[in-house]
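Numbering (this note's numbering), first residue to last: -6 to 425.
A quick write-up on the structure given underneath.
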RNA sequence: GGAGAGAUGGCCGAGUGGUUGAAGGCGCACGCUUGGAAAGCGUGUGUGCGUGCAAACGUACCGCAGGUUCGAAUCCUGUUCUCUCCGCCA
């Protein structure tokens, strides 16, 4: 949620920003409601003052008949205008919540993902002297993947992942956890990226996989509801990303500035209904209803927010490079970054099976947009109380990164070369 | 799932209808005291919203949401969470 004071002072910019992001919100109507609501609030406060004066005039003793009679009159009137205020407030809030976060000035303006900008391309695309297969063909042949039985048991877009592919997943997990919880590695990554940021390591977290409606909404991630799984009989949803349960973790809390940045590395199974994607990416495990993901989330001061985002991007590049995967960095345009985003950057790894780059990572910088409703704050050394800034970013989406490893590392025999950094976690095996 | 107890400020904790934003203590900040410190003494110490250039003033907040009342931290209802006992269970 944006600060209403900011909207009042920058109405035109906010309206234009919403338009660029593809959100249909009426800022003028919001501001009209805002002033109407403030007018009503003044009225309500005056009546409350009147009521309080009437109460305190009793001064500890029994009030007079007159005072009680007067109190009744005030009460009736107050109830009336408080109800009006309540209605105004709820209309106002629902409109305010619709206003998307301001995109950073360096986010390209665009109407669809086609206008995203490829910033750089790293690594060379592998050339095979045999017919390259896609991950689904390789994995199915090796007995690593069984979607038919999963369809029988659960439905489409589910899979049984088995055998060495499971071992590969756990190897990736261990590699990432060891890397990101190592302060020296963070220092190295930051230095190589020329970033002056804290070298504080990430705290690995196994978060709950369910989230309350209230928290989901405060994170501004409840929508689109069509893409969420709701649990019948409980006020709970299956989380769609560890971001949702990590970002809301410190709701209502006040950090000491010395405790920031606070960095988490969450490992969680994420659930998505994938509504509206029928027939899209049906082969293999590219687009599933559930997938495991390592996700970074951090809380910083406003000052450190932008650099934290750059650190997250640098970490993503580092991780991809360590696996020897070709990738490109994409600056997402206004239409493609999310509603709570100030900046959105994607990593796309080269997938030989599809002969194109596909999204494997996202890095989101939310400024204080999420914190405002979560009420997550920091007490600065100066004593000032401020909203914190949130950053979240994929470390690895396990399904998609294993696709990249399989397809880029495939051999003519249908085997898979193991990236050297993962070999220690696979008993030294160089090929699967 | 059943029975019971509870949730108050950064922390501990008092408070069952009347000037309670809330006693007392701890902590913290500033000042006095001291060669310096401790102790002691004094003063101060929540957040949101609104009005205002500001000082300030008003208002709301005692888990959350409603209700009763002239008046609610206090009474009533619902709800969330915590704890104890029973049941079930990895």
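We put the CB at the ideal spot given by N, CA and C, even for glycine.
When the Cα of residue i is compared with those of the options, which residue comes out closest?
{"i": "residue 31", "options": "-6, 14, 80", "result": "80"}
{"i": "residue 196", "options": "182, 173, 190, 202", "result": "173"}
{"i": "residue 394", "options": "279, 406, 36, 325", "result": "279"}
{"i": "residue 341", "options": "322, 331, 109, 358", "result": "322"}
{"i": "residue 224", "options": "267, 249, 203, 407", "result": "203"}
{"i": "residue 330", "options": "109, 178, 226", "result": "109"}
{"i": "residue 284", "options": "380, 266, 115, 262", "result": "262"}
{"i": "residue 102", "options": "12, 86, 161, 157", "result": "12"}
{"i": "residue 114", "options": "401, 326, 314", "result": "314"}
{"i": "residue 38", "options": "72, 25, -5, 83", "result": "72"}
{"i": "residue 42", "options": "107, 67, 10, 15", "result": "67"}
{"i": "residue 18", "options": "92, 85, 60, 28", "result": "92"}
{"i": "residue 264", "options": "289, 218, 249", "result": "218"}
{"i": "residue 122", "options": "-1, 406, 59", "result": "406"}
{"i": "residue 286", "options": "232, 88, 272, 242", "result": "232"}
{"i": "residue 1", "options": "228, 28, 146", "result": "28"}
{"i": "residue 326", "options": "404, 14, 86, 289", "result": "14"}
{"i": "residue 413", "options": "324, 312, 376, 352", "result": "312"}
{"i": "residue 352", "options": "297, 145, 320, 215", "result": "320"}
{"i": "residue 116", "options": "376, 350, 375", "result": "350"}
{"i": "residue 9", "options": "97, 62, 60, 40", "result": "97"}
{"i": "residue 40", "options": "61, 69, 375, 58", "result": "69"}
{"i": "residue 370", "options": "253, 58, 404", "result": "253"}
{"i": "residue 89", "options": "134, -5, 422", "result": "-5"}
{"i": "residue 87", "options": "316, 20, 358", "result": "20"}
Measuring CB to CB, does residue i end up less than 9 Å from residue j?
{"i": "residue 100", "j": "residue 291", "result": "no"}
{"i": "residue 338", "j": "residue 360", "result": "no"}
{"i": "residue 235", "j": "residue 260", "result": "yes"}
{"i": "residue 293", "j": "residue 255", "result": "yes"}
{"i": "residue 164", "j": "residue 418", "result": "yes"}
{"i": "residue 346", "j": "residue 125", "result": "yes"}
{"i": "residue 408", "j": "residue 391", "result": "no"}
{"i": "residue 318", "j": "residue 399", "result": "no"}
{"i": "residue 200", "j": "residue 161", "result": "no"}
{"i": "residue 168", "j": "residue 415", "result": "yes"}
{"i": "residue 26", "j": "residue 107", "result": "no"}
{"i": "residue 193", "j": "residue 229", "result": "no"}
{"i": "residue 119", "j": "residue 401", "result": "yes"}
{"i": "residue 382", "j": "residue 272", "result": "no"}
{"i": "residue 135", "j": "residue 156", "result": "yes"}
Enumerate in chain order the residues of its own chain whose CB-to-CB distance from residue i is below 7 Å, with the five nearest sequence positions on each side excluded.
{"i": "residue 368", "result": "244, 245"}
{"i": "residue 188", "result": "300, 303, 304, 307"}
{"i": "residue 77", "result": "33"}
{"i": "residue 166", "result": "260, 287"}
{"i": "residue 170", "result": "197, 258"}
CB-CB under 6 Å to residue i, same chain, minus the five flanking residues each way: which ones, in chain order?
{"i": "residue 105", "result": "328"}
{"i": "residue 362", "result": "94, 333"}
{"i": "residue 190", "result": "183, 300, 304"}
{"i": "residue 139", "result": "153"}
{"i": "residue 16", "result": "93"}
{"i": "residue 410", "result": "402, 424"}
{"i": "residue 374", "result": "250"}
{"i": "residue 357", "result": "334, 337, 385"}
{"i": "residue 214", "result": "237"}
{"i": "residue 179", "result": "192, 194"}
Can you list, in chain order, the residues of its chain whose CB lies under 8 Å from that of residue i, leaving out five sequence neighbours each side?
{"i": "residue 274", "result": "280"}
{"i": "residue 64", "result": "44, 47, 48, 56"}
{"i": "residue 372", "result": "247, 248, 249, 250, 378"}
{"i": "residue 24", "result": "0, 1, 4"}
{"i": "residue 266", "result": "219, 220, 221, 222, 282"}
{"i": "residue 50", "result": "56, 60"}
{"i": "residue 175", "result": "194"}
Could you tell me whether the segment 381 to 392 touches the segment 301 to 312, where touching means 3 or more Cβ pairs closer than 8 Å? yes
Under 8 Å, with one C-beta from each stretch per pair, do the segment 204 to 216 and the segment 366 to 380 reach the 3-pair mark? yes
Curious, which full-length beta strand (DSSP E) runs of at least 3 residues does the segment 76 to 152 contain? 110 to 115
Are three or more beta carbon pairs between the segment 149 to 167 and the segment 271 to 288 nearer than 8 Å? yes
Contained alpha helix (DSSP H) runs [length at least 4] in the segment 329 to 373, N- to C-terminal order: 362 to 367
Segments of 3+ residues assigned as beta strand (DSSP E) that fall wholly inside the segment 10 to 76: none
So within the segment 274 to 303, which uninterrupted beta strand (DSSP E) runs reach at least 3 residues, ignoring any that extend past its ends? 283 to 293
Secondary structure, beta strand (DSSP E): runs of 3+ residues fully inside the segment 202 to 229: 203 to 205, 222 to 224
Completely contained alpha helix (DSSP H) runs for the segment 160 to 195, where each covers 4 or more residues: 176 to 185
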